[in-house]
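Reading through the structure tokens given below for one structure.
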Amino acid sequence: MKKITVLSGKGGVGKSSIAASLAVLLAEKHKIVCADCDVDASNLALVFGLREKDFDEWKKISTNEKARLDEGKCNGCKKCVESCYFNAIKWNEEKKQPIFDEFSCEGCGACEITCPEKAISLVQVENAKIGYGKTKYGFTVVSGQLEMGESGSGKVVAEVRKLAEEKGKGAEIMVIDAAAGIGCPVIASVVGSDFVIGVTEPTPSGLSDLKRALQMTRHFGIECGIVINKHDLNPEMSKTIEKFAEENSMPVLAKIGYDKNFVNALVNLVPIIEYNPKIRPVFEEILQKLPTGKK
Ligand code: SF4
Ligand code: SF4
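Shown next as structure tokens:
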């Protein structure tokens, strides 16, 4: 199964809209599956008109651990408080015992190792849920959602991809919608991809964030191309992005002009390619440049 990942260094540049339209177009000729790996703000399914309640199944998962205290074993030595890099341990002067802050604890295990009385242990916590549903376009989308204040997003992405492999058995292509940025969930989305599409807008911050994201992609030796969305809003900056692409031997897959239908499509829960079919040639152009084997 070929894996095409759509990412953007910066949020709000149209990444999910572009990923969704590419998926719909690809599904006309290929068996595909989609993985929404933006687990902090998943909304790819919504772009296909699939709401949370329309999913076939959701299940809670655990990809993280938290520290727990066995009060009976604690001797009040206070060593654990100093061991926590994340300031997740406060001190209860009255009880002479530590208090663990669930939201700040990253489950690193330093306190468990430090405690001379073995009064601390790490326990699994349900920090996310993953689910899948069938879109009206005939393919399955798998989504993951990290619970509020929880960490471990990279591992949640790995679970989303695993479920997408399972539910998309026999598919030729997996379209992965990555989170914005270059953090853990993005790396977990990109690893093992056959091609990465970096979506940007013509702003200095858009380019700066795209550079970082594509640098990370290059680190993994993955081929990538660029889509400049709203290119006509800043032609000079668009030229700068094209120059960057040329200097780095990355193809500019498409330049999309500003189109308020992107917002209208989101409001109406359909991909832009369905809301405004006039834009279809732009997406066909992108597909022609992708290593999908066939158009
Ligand atoms: S597991 Fe790590 S982050 Fe959590 S309380 Fe212990 S030292 Fe702090
Ligand atoms: S290190 Fe262990 S024994 Fe010491 S205060 Fe912390 S929990 Fe209690």
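Counting in our numbering, the final residue of the sequence shown is number 668, and the numbers go up one at a time with none missing. All C-beta atoms in this analysis are idealised placements derived from N, C-alpha and C, irrespective of residue type, glycine included.
- Item | Unbroken beta strand (DSSP E) run spanning K463, endpoints | 462 to 465
- Let me know the secondary structure DSSP gives T590 once reduced to three states. helix
- For A414 and L606, the rounded distance between their alpha carbons: Rounded to whole angstroms, the gap between the alpha carbons of L606 and A414 is 26 Å.
- Which residues in the same chain as E545 place their Cβ atom closer than 6 Å to its Cβ, once the five residues preceding and following it in sequence are excluded? H403, K404
- Could you give the distance in angstroms between the alpha-carbon of A492 and the alpha-carbon of G445? Take the alpha-carbon of A492 and the one of G445: they are about 8 Å apart.
- Shortest alpha-carbon distance to E523 belongs to which of L419, I555, I434, A537? If we check each option's Cα against that of E523, I434 comes out closest.
- For the beta strand (DSSP E) containing N641, list its first residue and its last residue. That residue, N641, is in no beta strand (DSSP E); it is neither H nor E in DSSP.
- Message: Quick check: is any heavy atom of ligand 1 less than 8 Å from the C-beta of E523?
- Response: no
- Unbroken beta strand (DSSP E) run spanning A627, endpoints: Its beta strand (DSSP E) spans residues 625 to 629.
- Name the one or two DSSP bridge partners that Y505 has. E430, V515
- With a threshold of 16 other CB atoms inside 10 Å of the CB of D429, please say whether the residue is buried or exposed. exposed
- Message: On the CB-based measure, 16 or more other CB atoms within 10 Å of its CB, does N424 come out buried or exposed?
- Response: At residue 424 the sequence reads Arg, which differs from the Asn that was named. By the neighbour-count rule (16 or more Cβ atoms within 10 Å), R424 is not buried but exposed.
- Query: When the Cα atoms are used, what is the spatial distance from N641 to I659?
  - Reply: 24 Å
- Terminal residues of the continuous beta strand (DSSP E) containing E658? Unbroken run through E658 is the alpha helix (DSSP H), 653 to 661; no beta strand (DSSP E).
- Report buried or exposed for F476, applying the criterion of at least 16 other Cβ atoms within 10 angstroms of its Cβ. exposed
- With a threshold of 8 Å, establish whether the CB of G480 neighbours any heavy atom of ligand 1. Shortest gap from the CB of G480 to any heavy atom of ligand 1: under 8 Å.
- Task: With C484 as the anchor, note down where its alpha helix (DSSP H) starts and where it stops.
- Result: 483 to 487
- For N649 and S526, the rounded distance between their alpha carbons: Cα-Cα distance, rounded: 34 Å.
- Message: Taking DSSP's pairing of strands, which residues face E334 in a bridge?
- Response: Only positions 374 to 668 of the chain appear in the structure, and residue 334 is not among them; the question remains open.
- Item | Which listed residue (F635, A552, R534) has its alpha carbon closest to that of G565 | R534
- Taking all protein chains shown into account, do 16 or more other C-beta atoms lie within 10 angstroms of the C-beta of Q518, making it buried, or fewer, making it exposed? Q518 is classed as buried because its beta carbon has at least 16 other beta carbons within 10 Å across all chains shown.
- Message: If you follow the beta strand (DSSP E) that K439 is in, where does it begin and where does it stop?
- Response: In the DSSP annotation of this structure, the continuous segment of the beta strand (DSSP E) that includes K439 starts and ends at 437 to 442.
- Message: Please report the straight-line C-alpha distance between I391 and S562, rounded to a whole angstrom.
- Response: Distance between the alpha carbons of I391 and S562: 16 Å.
- Message: Taking contact to mean 3 or more Cβ pairs, one atom from each stretch, closer than 8 Å, check whether the stretch 599 to 613 and the stretch 375 to 393 are in contact.
- Response: yes
- Message: Given this structure, state the Cα-to-Cα distance separating I595 from V454, to the nearest angstrom.
- Response: 43 Å
- Message: Following a CB-centred definition, is L495 positioned closer than 8 Å to any heavy atom of ligand 2?
- Response: no
- K388 - DSSP class collapsed to helix/strand/coil: helix
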